[in-house]
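Notes follow once the structure below has been shown.
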Amino acid sequence: MKDRILIVEDNSMVVKSLHFKLTKDGYETVVASDGREALKVLKEQTFHLLITDLMLPFVSGIELIEFVKNNIPDLPIIVLSTSTQEEVIMDAFNLGVEDFITKPFSPNELSLRVRRTLQKK
Amino acid sequence: MFIDSALEMEIHNILIISNQPEVSDKFIHLQEKDDWDIHFYKDSFSAIQYLKNNNDIHFIIFDEVCGPLDPFQLADYLISELSLNIPFIVVGEDVNEHKYVREGSLFLFVKKPLIKEKLAIIEQIIEENLIKEDNGSNEKSYSLNYLKTLSDNDEEFIQESLYVFKESVLDKLNECRESIKNKEFKNVRKIAHNIKPSFEMLENTRCKNICNTICYKATETEINGLFEILEEEYQKIVRELREDFPELA
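Protein chains in written order, with this note's numbering: chain A, 50 to 170; chain B, 756 to 1004.
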């Protein structure tokens, strides 16, 4: 069975690239374009990894991470960030996220970090 | 005359970060080039200390086994803290050889062992980049390098991505214009943050920088002017895309 990854991101180009690369790497992906949709999907389906942006409409990335850590603690999280979001990334790490990737991501870096995070589970 | 030309000659500084003598030794011969100055460091922290005081470095050759920062973390630090955008050559045992541009920085990955042919390629890449830098660039407003690398040249993916760029950024720019009209500057900054990666994926550094400024630095009175420049740049990219890909029109 393929590992299922939930991508939460509101930039269509980034979503398209993540979906393309992760599908090519053999994962099944589901996309939510805002935090509210992500919460709904997380309550209904099971995933092996969450990849999320931090600045999201309706429910922020930090709120989403808090929800996961409180309700689905075994679900690892990789944060998508920009290099200028140092403070927010630190907040995310303090909440227990496993890793972060800077946008736009390097294809090899993404593959490696996803593989490592899923292996650590 | 020689003295004159020597005085005029620009020195290109290359930083080698490696704690493996067998790697560093491979690059010693580069010191023989008149206009290249080679600096050796054993870890990324000591390289940062050097870069804090010397920001005219033209290339970094990074041995993957060196810590504590990996090449991406070092590149991020150099961009965000020192505003330095330096191309990297990353050498390692476990890397896939490819060229990649991230945040406007070139990354060339080379797999060890560093045999003669690979060293020649590294030297050639550095030279090409230095020439390009010296001549200034007169290139297009966009590049497909990132999308090509990401997709292994998948034409369908590239075309679809360009269409997504054209449509999604246009929607966001329209939303941005409305927000400026309504003086909702917080939303304008959010939109700039949202579309920044789209410009980065087409390697347009100018738009990326404008988005960054709107996001984090611009005052409310500066935002409108910056938005107009961003919109013009977007139109320019789309014009060039339509010329190159008529099916996008």
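The beta carbon of each residue, even a glycine, is placed where N, CA and C say it ideally should be.
Just so it is clear, the structure is predicted and the values come from calculations on it, not from any experiment.
Residues of chain B with a Cβ closer than 7 Å to the Cβ of A:Ser-61 are, in chain order, Val-919 and Ser-923. By the Cβ neighbour-count rule, B:Phe-782 is buried, with 16 or more other Cβ atoms within 10 Å of its own. Within the DSSP secondary-structure output, A:Glu-77 pairs in a beta bridge with A:Arg-53. Ranked by how close their Cα comes to the Cα of B:Lys-972, the residues B:Phe-940, B:Arg-994, B:Val-993 and B:Tyr-805 have B:Phe-940 in first place. Distance between B:Glu-883 and B:Ile-877, taken at the CA atoms: about 10 Å. From the beta-carbon of B:Phe-827, the residues of chain A found nearer than 8 Å are Thr-151, Ser-155 and Glu-158. In the same chain as A:Ser-160, and ignoring 5 residues on each side of it, the C-beta atoms closer than 8 Å to its own belong to Lys-70 and Asp-74, in chain order. In the displayed model, B:Lys-866 falls within a strand according to three-state DSSP. Counting only runs that start and end inside the region 103 to 127 of chain A, the alpha helix (DSSP H) elements of at least 4 residues fall at 110 to 120. Listed along chain B, the residues sitting closer than 9 Å to A:Lys-70 by beta-carbon distance are Leu-905 and Ser-906.
In the DSSP assignment, the residues bridged to A:Thr-101 are A:Val-57 and A:Val-128. When DSSP states are grouped into helix, strand and coil, B:Asn-768 belongs to the strand group. A check of alpha carbon separations from A:Arg-165 across A:Glu-93, A:Ile-126, A:Val-137 and A:Gly-145 identifies A:Ile-126 as the nearest. Note that the C-beta distance between A:Lys-118 and A:Glu-77 is not below 8 Å. Shown here, B:Asp-831 sits in a helix according to DSSP, grouped into three states.
Within the region 933 to 959 of chain B, Lys-945, His-948, Asn-949, Ile-950, Lys-951, Pro-952, Ser-953, Glu-955 and Met-956 place their CB atoms closer than 8 Å to a CB of chain A, listed in sequence order. Annotated three-state conformation of A:Gly-84 is helix, per DSSP. With fewer than 16 other Cβ atoms inside 10 Å of its own Cβ, B:Pro-868 counts as exposed. With respect to B:Ser-898, B:Glu-958 sits close: the two C-beta atoms are nearer than 8 Å. Straight across, the Cα-Cα distance linking A:Pro-153 with B:Cys-970 is about 17 Å. Per DSSP, the continuous beta strand (DSSP E) segment holding B:Phe-795 begins and ends at 791 to 796. For a Cβ distance threshold of 9 Å, nothing in chain B lies close to A:Lys-89: the least Cβ distance comes to about 21 Å.
Residue contact with chain A for B:Tyr-897: absent (no Cβ-Cβ distance below 8 Å to any residue of chain A). In the structure shown, B:Leu-905 falls within a helical segment according to DSSP collapsed to helix, strand and coil. Under the DSSP assignment, B:Gly-980 falls in the alpha helix (DSSP H) whose first and last residues are 975 to 999. Taking the CA atoms as reference points, B:Ile-769 sits about 11 Å from B:Ile-844. B:Phe-800 carries a helical assignment under DSSP once its states are collapsed to helix, strand and coil.
Secondary structure note for B:Thr-968: its alpha helix (DSSP H) is the uninterrupted segment 960 to 971. Rounded to the nearest angstrom, the gap between the Cα atoms of B:Arg-997 and A:Leu-167 is 41 Å.
Sixteen is the threshold: since fewer than 16 other Cβ atoms of the shown chains lie within 10 Å of the Cβ of B:His-784, the residue is exposed. By the neighbour-count definition (other C-beta atoms within 10 Å, threshold 16), A:Phe-107 is an exposed residue. Pairing B:Asp-792 with B:Ile-766 gives a Cβ-Cβ distance under 8 Å.
At the C-beta level, B:Leu-837 and B:Lys-866 stay beyond 8 Å of one another. Listed along chain A, the residues sitting closer than 8 Å to B:Tyr-901 by beta-carbon distance are Pro-153.
Nearest Cα to B:Asn-810 within the set B:Arg-994, B:Ala-1004, B:Gln-786 and B:Ile-841: B:Ile-841.
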